[in-house]
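Novice: Dropping the structure in here first, questions after.
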Amino acid sequence: MSHYVIVGAGPVGRETARLLAEEGHSVILTSRNAGSLDAGDVRTVSSDATDAAQLAGLAKGADAIFMCAMAAYHRWPTDFFPIMDGTVKAAEQVGARLLVVGNVYGYGAQAVSPLTPDLEPDPTSRKGTTRHIMWQRALRSSVPAIEVRASDYLGKGAVAYFSLLALPSLLKGEQVSFLGDPDVAHAWSFTKDTAKTLVAASRFTGEWGRAFHVPSQSASVRELVRRFATVLKIDVPNLLRLTSADLEGIGFSEGIEMSYLFEKPLLLDAGETEKLLGVTASSLDTMIRDTLA
808 MSHYVIVGAG PVGRETARLL AEEGHSVILT SRNAGSLDAG DVRTVSSDAT DAAQLAGLAK
868 GADAIFMCAM AAYHRWPTDF FPIMDGTVKA AEQVGARLLV VGNVYGYGAQ AVSPLTPDLE
928 PDPTSRKGTT RHIMWQRALR SSVPAIEVRA SDYLGKGAVA YFSLLALPSL LKGEQVSFLG
988 DPDVAHAWSF TKDTAKTLVA ASRFTGEWGR AFHVPSQSAS VRELVRRFAT VLKIDVPNLL
1048 RLTSADLEGI GFSEGIEMSY LFEKPLLLDA GETEKLLGVT ASSLDTMIRD TLA
């Protein structure tokens, strides 16, 4: 039995805790508002990851720390760095390996799909630059680190573009408004597959200091809307394209710089994850049903 600490009690952090507990490990799940989790030997603790000393106290004897925390989207450049720094310092103090949940923003708007985990970072947005700097902080640490990179999330409790912009309208049977070109292929990552990839990566016996992609499914926004409508047993709604002015109007200006994600095909190459970690993607129908749970 091993001991693990998970920073961040969102959907990925909670699922990671559940998976580790099912294997008989002891887990501390911590965030500013950790809540509760009924899953084996999991203890939830409300704490602030920016306090490295406090986090190190919780992580004493831990084999690994999973950095699954999320900052408010509009405050990534200010709020994410202290969280990452506190987590890295705590891992260094207790000698724990570090697993970081990342995404594809750091590859930038010019990256050509399918994206591979060894692709040179070239962030073209504030949020992409933030993610890149966070990973560089982990790489510079004195402990082994791995980043697990996901695309846009589907899954119960996921706060992502589809759940924010499309799902509310789908649930009401109304027309859907979304970013970018609705007919280009896009990778969708399942929160539970992200957790599976994190747990598998924590056991990786090869060289650390690298990234793995979450095995994901691909579908255009139009196809995804159609499949959600089928599960909901509603008519397929009209699909409208949101402009920058529209995003400003609905108070989501933070989405403007990331619109490029949906302007051209965005696919993930997760071949190494499947080969080296043994993780495969859940079906798109499974992701959809879990999102609607």
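With the sequence shown counted from 1, adding 807 to any position gets you the numbering used here. Built from N, CA and C at the ideal position, the CB exists for glycine as well. Fair warning: this is a prediction, and the values are worked out from it, not measured in the lab.
Here's the rule I'm using: 16 or more other beta-carbon atoms within 10 Å means buried, otherwise exposed. How should Pro1022 be labelled?
Specialist: Residue numbering aside, residue 1022 sits at position 215 when the sequence shown is read from its first letter. Pro1022 is buried by the Cβ-count criterion.
Novice: Excluding the five sequence neighbours on either side, which residues of its own chain have a C-beta within less than 6 Å of the C-beta of Thr1001, listed in chain order?
Specialist: On the sequence shown, residue 1001 is found 194 positions in, with the first residue counted as 1. Around Thr1001: Val819, Ala957 and Val1021.
Novice: Give every residue of the same chain whose Cβ lies closer than 8 Å to the Cβ of Gly1085, excluding the five residues on either side of it in the sequence, and list them in chain order.
Specialist: On the sequence shown, position 278 is the one that residue 1085 refers to. Only Ala1007 meet the Cβ criterion.
Novice: Excluding the five sequence neighbours on either side, which residues of its own chain have a C-beta within less than 8 Å of the C-beta of Ala965, listed in chain order?
Specialist: On the sequence shown, residue 965 is found 158 positions in, with the first residue counted as 1. Same-chain partners within the cutoff: Pro818, Thr998 and Thr1098.
Novice: Starting from Asp988 and walking both ways along the beta strand (DSSP E), at which residues does that stretch end?
Specialist: Residue mapping note: residue 988 aligns to position 181 of the sequence shown, counting from 1. Element bounds for Asp988: n/a, residue is neither H nor E.
Novice: Three or more C-beta pairs closer than 8 Å, one from the segment 905-918 and one from the segment 961-980: is that the case here?
Specialist: With the cut-off at 8 Å, the segment 905-918 and the segment 961-980 do not touch.
Novice: According to DSSP, what are the bridge partners of Asn801?
Specialist: Since the first residue shown for the chain is 808 and the last is 1100, residue 801 is missing from the structure and cannot be characterised.
Novice: Once you ignore the five residues that flank Leu1005 on each side, which residues in its own chain have a CB closer than 8 Å to its CB?
Specialist: Locating residue 1005 in the sequence shown gives position 198, where the first residue counts as 1. Contacts found: Val819, Thr823, Phe873, Cys875, Leu906, Val908 and Val955.
Novice: With DSSP run on the structure shown, which of helix, strand or coil describes His993?
Specialist: Residue numbering aside, residue 993 sits at position 186 when the sequence shown is read from its first letter. His993: strand per DSSP, three-state reduction.
Novice: Evaluate contact between the segment 1046-1054 and the segment 981-992, counting only Cβ atoms and requiring at least three cross-stretch pairs below 8 Å.
Specialist: Touching, yes, given that three or more Cβ pairs across the two stretches are closer than 8 Å.
Novice: Output yes or no for whether 8 Å exceeds the beta carbon distance between Leu1074 and Ser920.
Specialist: Taking the first residue of the sequence shown as 1, we reach residue 1074 at position 267. Taking the first residue of the sequence shown as 1, we reach residue 920 at position 113. Yes, Cβ-Cβ distance for Leu1074 and Ser920 is below 8 Å.
Novice: Which runs of the beta strand (DSSP E), 3 residues or longer, sit entirely within the segment 1006-1053?
Specialist: List check, beta strand (DSSP E) in window: 1017-1020, 1024-1026 and 1046-1048.
Novice: Taking DSSP as the reference, what is the three-state secondary structure of Thr894?
Specialist: The residue you call residue 894 lines up with position 87 of the sequence shown. Helix, per DSSP.
Novice: Compare the C-alpha of Ala1103 against each of Gly831, Phe1069, Arg1033 and Thr1087 and name the closest.
Specialist: Because residue 1103 is not part of the residues shown, which for the chain are 808 to 1100, the question remains open.
Novice: Restricting to Cα atoms, I'd like to know which of Val1038, Ala992, Gly962 and Asp1042 is closest to Gln982.
Specialist: The count along the sequence shown starts at 1 and reaches residue 982 at position 175. Measuring from the Cα of Gln982, the nearest candidate turns out to be Asp1042.
Novice: For Pro1044, count neighbouring Cβ atoms within 10 angstroms of its own Cβ and tell me buried if that reaches 16, exposed if not.
Specialist: Position 237 of the sequence shown holds residue 1044. Buried is the call here.
Novice: In angstroms, rounded to a whole number, what distance separates the CA positions of Asp870 and Arg938?
Specialist: Residue mapping note: residue 870 aligns to position 63 of the sequence shown, counting from 1. Residue mapping note: residue 938 aligns to position 131 of the sequence shown, counting from 1. Near 24 Å, if we compare the C-alpha coordinates of Arg938 and Asp870.
Novice: What residues are listed by DSSP as bridge partners for Ile813?
Specialist: Looking up residue 813 in the sequence shown gives position 6. In DSSP, Ile813 forms a bridge with Leu836 and Phe873.
Novice: Which of the three DSSP states, helix, strand or coil, is assigned to Thr851?
Specialist: Mapped onto the sequence shown, residue 851 falls at position 44. If DSSP states are grouped into helix, strand and coil, Thr851 belongs with the strands.
Novice: Where do the N-terminal and C-terminal ends of the beta strand (DSSP E) with Ile1095 fall, by residue?
Specialist: As a working mapping, residue 1095 is identified with position 288 in the sequence shown. Element bounds for Ile1095: not the beta strand (DSSP E) but the alpha helix (DSSP H), Leu1091 to Thr1098.
Novice: So the candidates are Glu1014, Leu946, Asp959 and Gly902; which of them puts its Cα closest to the Cα of Lys867?
Specialist: Here the question's residue 867 lines up with position 60 in the sequence shown. Nearest of Glu1014, Leu946, Asp959 and Gly902 to Lys867, Cα basis: Gly902.
Novice: Round the Cβ separation of Ala856 and Val814 to the nearest angstrom and send it over; I've been treating them as touching at under 8 Å.
Specialist: Within the sequence shown, numbered from 1, the residue matching residue 856 stands at position 49. Within the sequence shown, numbered from 1, the residue matching residue 814 stands at position 7. Indeed they touch by this definition, with Cβ atoms about 5 Å apart.
Novice: For Leu1068, which three-state DSSP category applies?
Specialist: As a position in the sequence shown, residue 1068 is number 261, starting the count at 1. DSSP places Leu1068 in helix when its eight states are reduced to three.
Novice: If you run the structure through DSSP and keep just helix, strand and coil, what is Ile940?
Specialist: Start at 1 with the first residue of the sequence shown, and residue 940 comes out as number 133. Reduced to three states, the DSSP call for Ile940 is helix.
Novice: Cα-Cα, which of Asp929, Val1032 and Ile1057 is closest to Phe969?
Specialist: In the sequence shown, residue 969 corresponds to position 162, counting from 1. For Phe969, the nearest C-alpha among the options comes from Val1032.
Novice: Is DSSP giving Asn954 helix, strand or coil here?
Specialist: Residue numbering aside, residue 954 sits at position 147 when the sequence shown is read from its first letter. Residue 954 is actually Glu in this sequence, not Asn. Strand at Glu954.
Novice: Three-state secondary structure (DSSP) at Val911?
Specialist: Position 104 of the sequence shown, counted from the start, is the residue given in the question as residue 911. Of the three classes helix, strand and coil, the one that applies to Val911 here is coil, per DSSP.
Novice: For the putative contact between Ala918 and Asp929, defined by C-beta atoms under 8 Å, what is the C-beta separation to the nearest angstrom?
Specialist: Within the sequence shown, the letter at position 111 stands for residue 918. Within the sequence shown, the letter at position 122 stands for residue 929. With a Cβ gap of about 7 Å, Ala918 and Asp929 count as contacting.
Novice: Quick check on this structure: which residue in Ala1036, Lys1071, Thr1037 and Phe1011 has the alpha carbon closest to the alpha carbon of Lys1082?
Specialist: Counted from its first residue, the sequence shown places residue 1082 at position 275. Comparing Cα positions, the closest option is Phe1011.
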